[in-house]
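J.: This is the structure, below, for whatever I ask next.
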Amino acid sequence: MRQLLIWAGLILLLPASLLLAASWGSGGWLWPFTDDPNLQRVVWELRLPRALAALVTGALLAMAGCLMQVLLRNPLADPYVLGLSGGAAVFALAGLSLGLTWLPVPVLAFAGAMVTMVVVFVLARGRGPWSTTRVLLTGVVIAAGWGALISLILATGPDASLRSMLYWLMGDLSYASLSPIWLLGVVLAVVILGWRARSLNVMSAGAVQAALLGEPGRQRFWELYVAASLLTGLAVSIAGAIGFVGLIVPHLMRLVVGADHRVLIPAAAMFGGAFLVIADTVARTMLAPRQLPVGVLTALIGVPLFLLLLNRAVKIR
Amino acid sequence: MTMHSDGLLEVSRLSVDIGDVRVVDDLTLSAHAGQCWGVLGPNGVGKTTLLKTLAGLHPPRRGQIRLNGQTLESLSRRRIAQQLGMLLQHTDYAFDASVEQTALVGRHPHLSAWQTEGAEDRQRVARVLAELGLSTLAQRSCMRLSGGEARRLALATVLVQDPQVLLLDEPSNHLDPAHQVQLLNVIAHRVHEQPRVAIMAMHEINLATCYCSHVLMLYGDGEWEAGHADQLLDSARLSRLYGCPMRLVDDGQHKVFAVSGDASLSFRGSTPTGRL
């Protein structure tokens with residue numbers, strides 16, 4: 004019964020969040036389905052595509068967070084912890100400041116995330132066995148390196164593009180709009196990950212235990228890493244580095260629906276999508292006519308929530 | 008196939024190293040259904056490494072391991088997991104799953120990729136949890152267990168997996184005497200009734216004398232002895248094995264091995280009670 008209510012809530016939350024995004028704007032509340040052609044244009048050409056981008060990004064980040072938490076065996080791991088967002092940002096910023104306008108920024112960002120993934124994996128693997136600590140430390144150091152490069156690009160780059168660069172670094176959906184085809188991709192990812200998720204349950208007990216229960220340990224972790232990086236890279240390429248969604252959403256959903264990834268992944272995808280739609284709507288309306296980057300809002304919510312969760316966690320290694 | 012080679016687990020001419028430590032040289036043994044093997048040896052001699060090698064997790068330097076007649080290398084991890092399970096010395100859980108859910112993971116190798124656990128699997132979990140005295144904890148988080156409870160849960164996962172070959176790395180550590188006996192009784196029951204093979208790394212010699220039909224003694228530097236427990240377990244061998252004097256105490260009903268210590272340091276002999 005409780006499960007039924009939770010799922011009904013999650014499913015209702017999606018259209019509710021989209022309705023909120025469609026009807027709330029800098030002009031206040033307006034019922035979106037009227038004959039007013041101006042409002043129609045605002046709703047269908049601005050608000051809904053942006054809300055859709057938020058939905059897709061949130062779902063991608065939440066799923067990437069679930070995977071990264073299994074990979075690092077830590078319920079408070081974040082999809083950006085291994086420097087993927089940093090790599091994406093460096094590539095995108097370098098493209099912007101070098102004037103590579105013929106290359107779309109999302110493509111550059113995606114390439115940066117993928118390069119980071121390969122670098123971290125190759126360096127962390129070394130000669131020894133797969134080790135979570137090693138992956139984590141390598142990732143943290145690579146992330147710091149990307150951070151330095153970001154500062155370098157910002158310091159030496161042209162002033163004119165500084166503002167858009169900064170917005171992009173903080174995570175912003177102002178320029179994002181997606182065709183509904185992306186939703187199909189997300190649904191496909193949910194279905195594949197959700198059904199394949201029994202392996203994730205096994206892998207969350209560690210590589211050796213997973214091998215003993217029939218998962219080809221290293222190969223599965225490779226796959227997991229690639230999948231998490233792909234999802235994160237896509238999310239970053241849509242909207243920049245929106246922090247804390249991939250951390251908080253899976254963690255909260257674990258508390259609500261439990262640790263079985265077959266349930267957790269679809270729940271996290273739905274809640275993550277709806278959460279980001281609502282957060283983005285608030286971010287663009289709160290200080291209207293100024294628009295905040297949504298990354299600022301998620302961080303403002305995420306930081307205290309993270310500290311609260313960390314404080315009440317039974318044990319975090 | 009001859010009568011001699013139909014063991015569930017056949018080891019032939021196996022040499023295992025870990026780092027600079029030579030665990031076994033040229034080990035040959037065959038473990039048959041209904042046998043319970045104790046692997047005995049001092050700390051650091053490589054008991055865990057040997058079990059991991061038998062599970063296919065550590066490559067041997069030389070030799071062959073056959074599981075139901077097939078070499079380990081020729082089997083996928085999944086096929087191995089359907090026939091062989093291992094209780095690790097340490098299990099740590101990173102996520103808040105319930106005890107029941109954690110044990111249910113043991114069914115993983117028996118289910119195809121898209122299949123979900125059925126009522127039969129859940130009944131199996133309930134049975135195993137009851138056997139190990141964990142029924143009342145079924146809905147508790149696996150992160151909120153005591154050391155002994157976590158140990159029994161780890162074994163429960165292996166028993167739910169229900170392999171023919173059970174490799175158990177110090178199954179009774181972290182447990183009080185009552186739970187040690189309960190757990191070993193459950194294992195012994197499986198071994199005799201189902202029948203299965205258990206191979207256990209152990210420190211408690213007296214539990215080995217009670218529960219093991221066979222022992223494998225690792226003396227270090229690759230030297231080993233294997234055979235029937237009642238033939239091999241004597242005070243001379245055990246003293247040599249552990250490098251300290253061991254004495255056999257026999258009260259007529261039960262034989263117990265005790266550490267006799269170093270007589271020259273004995274407090275009883277050297278310290279007159281009145282002086283203290």
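Protein chains in written order, with my numbering: chain A, 4 to 320; chain B, 8 to 283.
Glycine included, each C-beta is placed from N, C-alpha and C at the ideal position.
Computed from a prediction, not measured in an experiment: that's the story for all the values here.
Does the count of Cβ pairs from the segment 39–54 of chain B and the segment 202–210 of chain B closer than 8 Å reach three?
T.: Enough Cβ pairs lie closer than 8 Å, so yes.
J.: Check whether the segment 19–30 of chain B touches the segment 66–73 of chain B, taking contact to mean three or more Cβ pairs, one atom from each stretch, closer than 8 Å.
T.: Yes: at least three Cβ pairs fall under 8 Å.
J.: When you compare the CB positions of L172 (chain A) and I153 (chain A), do they come within less than 8 Å of one another, or not?
T.: For L172 (chain A) and I153 (chain A), yes; Cβs fall inside 8 Å.
J.: Apart from the five residues just before and just after A236 (chain B), which ones in its own chain have a Cβ nearer than 8 Å to its Cβ?
T.: So the qualifying residues of the chain are G45, A215, T216, C219, S220, H221, V222.
J.: Using the beta-carbon of each residue, which ones in chain B are nearer than 7 Å to R166 (chain A)?
T.: In chain order: nothing, as chain B lies at least about 41 Å away.
J.: My output table needs one value for F274 (chain A): the three-state DSSP class, helix, strand or coil.
T.: Note: F274 (chain A) maps to helix in three-state DSSP.
J.: Considering only residues of the same chain and omitting the five flanking positions on each side of G90 (chain A), which have a CB-CB separation below 7 Å?
T.: Hits under 7 Å: G115, A116, V118, T119, W149.
J.: Determine whether the Cβ of A214 (chain A) lies closer than 8 Å to any Cβ atom of chain B.
T.: So, interface residue.
J.: What residue from A:P52, A:L169, A:A302 has the CA that sits closest to D81 (chain A)'s CA?
T.: With distances taken between Cα atoms, D81 (chain A) lies closest to A:A302.
J.: Cβ closer than 8 Å: which chain A residues qualify as neighbours of L95 (chain B)?
T.: By Cβ distance, chain A contributes V211, Q212, L215.
J.: Which same chain residues end up closer than 6 Å to L295 (chain A) when comparing Cβ atoms and leaving out the 5 residues on each side of it in sequence?
T.: So the list reads A286, once near-sequence residues are dropped.
J.: Return the chain-ordered list of same chain residues with a C-beta closer than 7 Å to the C-beta of S100 (chain A), the five sequence neighbours on each side being excluded.
T.: I156, G160, P161, S164, listed in sequence order.
J.: Look at the alpha carbon of I304 (chain A) and the alpha carbon of L57 (chain B), and state the distance between them as a whole number of angstroms.
T.: Between I304 (chain A) and L57 (chain B), the C-alpha separation is close to 51 Å.
J.: Would H196 (chain B) pass as an interface residue toward chain A - the criterion being a Cβ-Cβ separation below 8 Å?
T.: Closer than 8 Å: no.
J.: In chain order, what residues of the same chain have a beta carbon less than 6 Å from the beta carbon of T136 (chain A), not counting five sequence neighbours either side?
T.: The answer is none, since no qualifying residue turns up.
J.: Strictly by DSSP, which residues pair up with F264 (chain B)?
T.: In the DSSP output, where bridge partners are listed per residue, F264 (chain B) has B:L255.
J.: How should H115 (chain B) be labelled, buried or exposed, when 16 other C-beta atoms within 10 angstroms of its C-beta is the threshold for buried?
T.: Looking at its Cβ environment, which holds 16 or more other Cβ atoms inside 10 Å, H115 (chain B) is buried.
J.: What's the gap between the Cα of T235 (chain A) and the Cα of G30 (chain A)?
T.: For T235 (chain A) and G30 (chain A), the distance between alpha carbons rounds to 34 Å.
J.: Run through the segment 157–236 of chain A for me and flag every whole alpha helix (DSSP H) of 4 or more residues, listed as ranges in chain order.
T.: Entirely contained in the segment 157–236 of chain A, the alpha helix (DSSP H) runs reaching 4 residues are, in chain order, 165–173, 184–198, 200–206, 210–215.
J.: Taking only three categories from DSSP, how would you classify Q201 (chain B)?
T.: Note: Q201 (chain B) maps to coil in three-state DSSP.
J.: Identify, in the order they occur along the chain, each residue of the same chain with its Cβ nearer than 6 Å to the Cβ of V239 (chain A), setting aside the five sequence neighbours on each side.
T.: Cβ neighbours of V239 (chain A) beyond the five flanking positions: S88, A91, A112, A116.
J.: Residues of chain B with CB under 8 Å from W198 (chain A), in chain order?
T.: Here the neighbours are A120, W121.
J.: Against L64 (chain B), what residues of chain A qualify as contacts under a CB-to-CB distance less than 7 Å, listed in chain order?
T.: Correct list: V211, A214.
J.: Roughly how many whole angstroms lie between the Cα atoms of S267 (chain B) and W231 (chain B)?
T.: When rounded, the distance between both Cα atoms is 24 Å.
J.: From the beta carbon of E218 (chain A), is the nearest beta carbon of chain B less than 8 Å away?
T.: Closer than 8 Å to some Cβ of chain B, the Cβ of E218 (chain A) qualifies, so yes.
J.: Check the Cβ of R257 (chain A) against every Cβ in chain B and list those closer than 9 Å, keeping chain order.
T.: Those are F102, D103, listed as they occur along chain B.
J.: Among B:L225, B:D128, B:E156, which one has its Cα closest to the Cα of D169 (chain B)?
T.: Nearest option by C-alpha distance: B:D128.
J.: What is the DSSP secondary structure of D13 (chain B), reduced to helix, strand or coil?
T.: Coil, per DSSP.
J.: For G174 (chain A) versus A271 (chain A), is the C-beta distance shorter than 8 Å?
T.: No, these two residues do not count as a Cβ contact at 8 Å.
J.: Since A208 (chain B) meets chain A, which of its residues come closer than 7 Å, beta carbon to beta carbon?
T.: Correct list: empty, because the minimum Cβ distance to chain A is about 15 Å.
J.: Can you give me the start and stop residues for the beta strand (DSSP E) that L94 (chain B) sits inside?
T.: That run of the beta strand (DSSP E) goes 91–94.
J.: On the CB-based measure, 16 or more other CB atoms within 10 Å of its CB, does D153 (chain B) come out buried or exposed?
T.: Position check: residue 153 (chain B) holds Ser in this sequence, whereas Asp was assumed. Burial call: exposed.
J.: Look at the alpha carbon of L165 (chain B) and the alpha carbon of L173 (chain B), and state the distance between them as a whole number of angstroms.
T.: Residue 165 (chain B) is actually Val in this sequence, not Leu. Rounded to whole angstroms, V165 (chain B) to L173 (chain B) spans 8 Å at the Cα level.
J.: Using a Cβ-Cβ cut-off of 8 Å, state whether K318 (chain A) counts as contacting chain B.
T.: Caution applies to K318 (chain A), whose pLDDT of 49 falls short of 50 and renders its modelled position unreliable; the model cannot decide the point.
J.: DSSP on V52 (chain B), reduced to helix/strand/coil?
T.: The answer is coil: DSSP assigns V52 (chain B) none of H, G, I, E or B.
J.: Helix or strand or just coil, what does DSSP make of M8 (chain B)?
T.: Caution applies to M8 (chain B), whose pLDDT of 37 falls short of 50 and renders its modelled position unreliable; the value that the coordinates give is listed next. DSSP places M8 (chain B) in coil when its eight states are reduced to three.
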